[in-house]
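Chains A and B, in that order, are what the protein sequence lines are.
Take the first sequence: its position 83, counted from the start at 1, is 106 in the working numbering, and no numbers get skipped.
Take the second sequence: its position 21, counted from the start at 1, is 501 in the working numbering, and no numbers get skipped.
What follows is a single structure, written as C-alpha cells, with notes after it.
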Amino acid sequence: GAGVSQSPRYKVAKRGQDVALRCDPISGHVSLFWYQQALGQGPEFLTYFQNEAQLDKSGLPSDRFFAERPEGSVSTLKIQRTQQEDSAVYLCASSLAGTGSNEKLFFGSGTQLSVL
Amino acid sequence: AQRVTQPEKLLSVFKGAPVELKCNYSYSGSPELFWYVQYSRQRLQLLLRHISRESIKGFTADLNKGETSFHLKKPFAQEEDSAMYYCALRGWRGNEKLTFGTGTRLTIIP
Numbered sequence: 024g025a026g027v028s029q030s031p032r033y034k035v036a037k038r039g040q041d042v043a044l045r046c047d048p049i050s051g052h053v054s055l056f057w058y059q060q061a062l063g064q065g066p067e068f069l070t071y072f073q074n075e076a077q078l079d080k081s082g083l084p085s086d087r088f089f090a091e092r093p094e095g096s097v098s099t100l101k102i103q104r105t106q107q108e109d110s111a112v113y114l115c116a117s118s119l120a121g122t123g124s125n126e127k128l129f130f131g132s133g134t135q136l137s138v139l
Numbered sequence: 481a482q483r484v485t486q487p488e489k490l491l492s493v494f495k496g497a498p499v500e501l502k503c504n505y506s507y508s509g510s511p512e513l514f515w516y517v518q519y520s521r522q523r524l525q526l527l528l529r530h531i532s533r534e535s536i537k538g539f540t541a542d543l544n545k546g547e548t549s550f551h552l553k554k555p556f557a558q559e560e561d562s563a564m565y566y567c568a569l570r571g572w573r574g575n576e577k578l579t580f581g582t583g584t585r586l587t588i589i590p
C-alpha cells in the first residue's frame, strides 16, 4: 500500500458514546504503535504491538481505552464512554522490524476525534 | 522516566539565516534521539536520527551527552523548511516507545 492508512479521518462523538478507530499498517510491518496528540502537544504513546501481541499498554489513560490487533495486521483502538478530554488526534505508526531495532516509524494521517 | 523538552513553541527565521531548534532530554541510560517533521497538510515523518550521523535537507543534529541536548541546525534556512518539528527519544533497548517533545513551529520569512 501507499502507507499507513487510518479511518475515519474525522470522528465527532457525543459524550458517553463508544468509538472505534482503525489502522491499516504498511503490509509486512511487524510493529504497530498508537499515539494520542492533544492540541498544541506532541504525540503521546498509548500502546505498542509486535505482530498480534500487545507488548506495552502503559500509555493507555484509562480502562475505557482498549486496543487490539488480532491477526497481526489491522489494529483497532476502541474508546468506551468517550469524555471531552479524549478529544485529540489519534496517530498510528508502523515499522518493519520488532524489538531492539532502530527501524524508522511510518505514521498515518491520524483520526481527529472531537467529543461534544 | 524519559522526557524531551523543546523550549521554543514558535521560531521565525529569515530565509538564508541559520536555524537552530533546541531539544533537551532526560533519560537515565543511553538514548536514541530523533527529529521528526510535519509539513503543512502532510503526515509526521522522520527527518533524521543521531545514530545515522546523517544530514537530511541540509539539517544536522549532534547528540551532546554532557548537556543532554540534541539541537537541530541548518546553516541557511529555506522557505520550504517551514514546518512543525518534534524531537523524540527512545530508550536504547527493550523499550520501543518514542517520547516526543511538544514541538517547535518554524516559520521561514521570505
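From the three backbone atoms N, C-alpha and C, an ideal C-beta is built for every residue, glycine too.
This structure is a prediction, so every number in the text was calculated from the model and none was measured.
K34 (chain A) and L586 (chain B) have their alpha carbons spaced roughly 29 angstroms apart. Closest in C-alpha terms to K545 (chain B), from the list B:H530, B:E559, B:I536, comes B:H530.
Identification of chain A residues near L526 (chain B) by a Cβ-Cβ cut-off of 8 angstroms yields K127, L128, ordered along the chain. Remark: three or more beta-carbon pairs, one from each stretch, lie closer than 8 angstroms, so the region 96-115 of chain A and the region 47-55 of chain A are flagged as touching.
Along the region 490-521 of chain B, the alpha helix (DSSP H) does not occur as any fully enclosed run of 4 or more residues. K502 (chain B) and V484 (chain B) have their C-alpha atoms spaced approximately 10 angstroms apart. Contact with chain A is absent for Y565 (chain B), since none of that chain's Cβ atoms lies less than 7 angstroms from the residue's Cβ. CA-to-CA, the gap between G82 (chain A) and S520 (chain B) works out to about 28 angstroms. Rounded to the nearest angstrom, the gap between the Cα atoms of Q106 (chain A) and L513 (chain B) is 34 angstroms. For F539 (chain B), the closest alpha carbon among the candidates B:F494, B:V493, B:D561, B:T548 is that of B:D561. With respect to the 7 angstroms criterion, V53 (chain A) and C115 (chain A) are not classified as neighbours on the basis of their beta carbons.
Identification of residues in the region 47-64 of chain A having a C-beta nearer than 9 angstroms to some C-beta of chain B yields S54, F56, Y58, Q60, G63, Q64, given in sequence order. In the three-state DSSP reduction, D542 (chain B) falls in the coil class, being neither helix nor strand. Residues of chain A whose Cβ lies closer than 9 angstroms to the Cβ of L578 (chain B) are, in chain order, F56, Y58, P66, F68, A116, L128. Each residue's CA atom was taken as its position, placing L490 (chain B) and E559 (chain B) some 16 angstroms apart. Note on G65 (chain A): 16 or more other CB atoms within 10 angstroms of its CB, so buried under the neighbour-count rule. Comparing alpha-carbon positions, the option among B:S535, B:K554, B:L524, B:F580 lying closest to G133 (chain A) turns out to be B:L524. By the 16-neighbour rule on beta-carbons within 10 angstroms, Q486 (chain B) is buried.
With respect to the C-alpha of R533 (chain B), the residue from B:E547, B:L552, B:T548 having the closest C-alpha is B:L552. Under the three-state reduction of DSSP, D47 (chain A) is assigned to strand. The Cβ of R523 (chain B) sits closer than 7 angstroms to at least one Cβ of chain A.
Secondary structure at Q106 (chain A): coil, using DSSP grouped into helix, strand and coil. Rounded to the nearest angstrom, the gap between the Cα atoms of V42 (chain A) and S110 (chain A) is 12 angstroms. Taking R104 (chain A) as reference, the option from A:Q59, A:A36, A:R92, A:V112 with the minimal CA-CA separation is A:A36.
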